[in-house]
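In my numbering, the protein residues as written are 486 to 892.
One structure is given here, and the rest of the page talks about it.
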Amino acid sequence: METRTRPISRRVEFPGSRGAVLSGKLELPHEAPRAYALFAHCFTGSKDVVSASRIARALTDDGIAVLRFDFTGLGDSEGDFSNTDFSSNVGDLVAAADHLRAEHEAPTFLVGHSFGGAAVIAAAHRVPEVSAVATMGAPADPAHVAARFDSRKDQIERDGEAEVSIGGRPFRIRQEFLDDIAEQPQAERIAGLDAALMVMHAPMDEIVGVDNSRQIFETARHPKSFVSLDGADHLLTRRGDAEYAAGVLGAWVRRYLPEREEGDPALDGSVVVAESGMGGYGQVVESGRHRFVADEPSPTGDDGGPSPYDLLLSALGTCTSMTLRMYAERHDLPLEKVTVGLRHDRVHAADCEDCETQAGRIDRITRRIHLEGDLDDAQRARLLEIAEKCPVHRTLTSETRIETAEE
């Protein structure tokens, strides 16, 4: 069985479209995220439904950070559900995007399940950074949900509201809700969607018929894709169905994640470091197309990545190993594997016999090299000499000038 790494999960709160404090979970991969996504749950559901948690976890495995949250009046969020409608749900999504933009990075990927799928389509044009939208079991029109209240429609029209049972739980639905979903220009939004669209639907969905996906797909412009979730139910309750959907989404969305522009310092051979917003000292390091995180160990930091000195030792260790490998290949030495162990500490200068500094403390890096292979003593000795010539070793032991300027 495949073992998945649990994502880093952080509880977040932010104000919703109508002032209530909304509760969410931001799930982060263990490396720096290559994109942020928003997940919108189904009607009267919550961020903690099985499908949401499984899809979020699978997407983080693919390097995508996911914020899932409870709409106003649901789950752990504040507010009165009976005072909400489809428009307020869309507003909550925009508020969540604003929160990500302010604290981390704006979402480029919106994912919505069922009623949440209709909501992400409606919200996409209000989040300019969005380049991809995905729906799962979504209705072509938000008014589709009104069929669930047919038995109480007369009472709602007469009294202005009625209590209905959804999933075995009571909810109060008001006439304003029905009026709001009836007035949504959803077909226009689908046709005008300025983002790639993935439509996913189970052919045997008994809650939202598969014909809804046909309407969405035919109305949308290219680029668009359709995936049939064969054998799945509406809520994607089986682990395999949710993970399959997430795997497809992760592979599909790569094509639509924004590329870095030419001239970006992260592409010109330099390294760019910026605060990640995760904890007090978390950093995102970008080197070319590679991204990873750095942090201070606890209790100073959150231990979300290697420390600055860990990175320094890693640079020396990797350079040492690579240099020995290149030398062995060029001279046909039977070197099978190199392992380099490093440690940094500070010692009294007086304890270092061959150091120029004789007062105070100096930095000391201890390097231990383990060589595997049928090497004779002369070959081993030569490899240890070559280790002293690795470029990073030379940089650390030579005069280095660091020029600092404000951009």
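Ideal placement from N, C-alpha and C gives every residue a C-beta, glycine not left out.
This structure is a prediction, so every number in the text was calculated from the model and none was measured.
Which of the three DSSP states is assigned to residue i in this structure?
| i | result |
| --- | --- |
| A681 | strand |
| A619 | strand |
| Q669 | coil |
| H829 | strand |
| F499 | strand |
| H584 | helix |
| I887 | coil |
| S494 | strand |
| S567 | helix |
| G732 | helix |
| L820 | strand |
| V693 | coil |
| L752 | Note that L752 scores a pLDDT of 47, beneath 50, so its modelled location is shaky and nothing firm can be said. |
| A779 | strand |
Quick one: give me the first and last residue of the beta strand (DSSP E) that residue i is part of.
| i | result |
| --- | --- |
| H878 | Unbroken run through H878 is the alpha helix (DSSP H), P876 to T882; no beta strand (DSSP E). |
| E760 | V756 to E760 |
| E857 | R846 to G858 |
| V772 | Here residue 772 is Ser; the residue named in the question, Val, does not match the sequence. Q768 to S772 is the extent of the beta strand (DSSP E) around S772. |
| S713 | K709 to S713 |
Looking only at its own chain, which residues have a Cβ that is under 8 Å from the Cβ of residue i, when we skip the five neighbours before and after it?
| i | result |
| --- | --- |
| T488 | Annotation note: pLDDT 43 at T488 (below 50); position unreliable, coordinate value reported separately. Once the five neighbours on either side are set aside, T488 has no close Cβ partner at all. |
| I641 | F634, A647, I658, R659, Q660 and L663 |
| D788 | D780, E781 and P782 |
| A623 | G597, H598, S599, F600, G601, G602, A603, I606, V684, H686, V693, N697, S698 and I701 |
Inspect the beta-carbon positions of residue i and residue j and report whether they are closer than 9 Å.
| i | j | result |
| --- | --- | --- |
| V738 | A522 | yes |
| S562 | D570 | no |
| V823 | L801 | no |
| Y741 | A681 | yes |
| A537 | R519 | no |
| V756 | Q768 | no |
| L960 | A587 | Nothing about residue 960 can be reported from this structure: the residues present for the chain run from 486 to 892 only. |
| A550 | L578 | no |
| L881 | L868 | no |
Within the same chain, show all residues whose beta-carbon is closer than 6 Å to that of residue i, passing over the 5 residues directly before and after it, in chain order.
| i | result |
| --- | --- |
| T851 | R828 |
| M683 | A619, S710 and W737 |
| V429 | Absent from the model: residue 429. The displayed extent of the chain is 486 to 892, so no value can be given. |
| G858 | P819, L820 and E821 |
| D795 | none |
| T785 | none |
| D830 | R849 |
| E590 | Y521 |
| A617 | F594, A680, A681, V738 and Y741 |
How far does the alpha helix (DSSP H) with residue i in it reach, from first residue to last?
| i | result |
| --- | --- |
| T808 | P793 to R815 |
| R867 | D862 to A872 |
Who are the near neighbours of residue i in its chain, counting only those whose CB is closer than 7 Å to its CB and skipping five residues on each side?
| i | result |
| --- | --- |
| S531 | D555, L559 and G560 |
| R448 | A query on residue 448 cannot be resolved here, the shown segment of the chain reaching from 486 to 892 and no further. |
### Query
Counting only runs that start and end within the stretch 591-667, where is the alpha helix (DSSP H) found for 4 or more residues in a row?
600-609, 638-644 and 660-667
### Message
My parser needs the beta strand (DSSP E) runs of 3 or more residues fully inside the stretch 502-556; what are they?
### Response
506-513, 520-525 and 549-554
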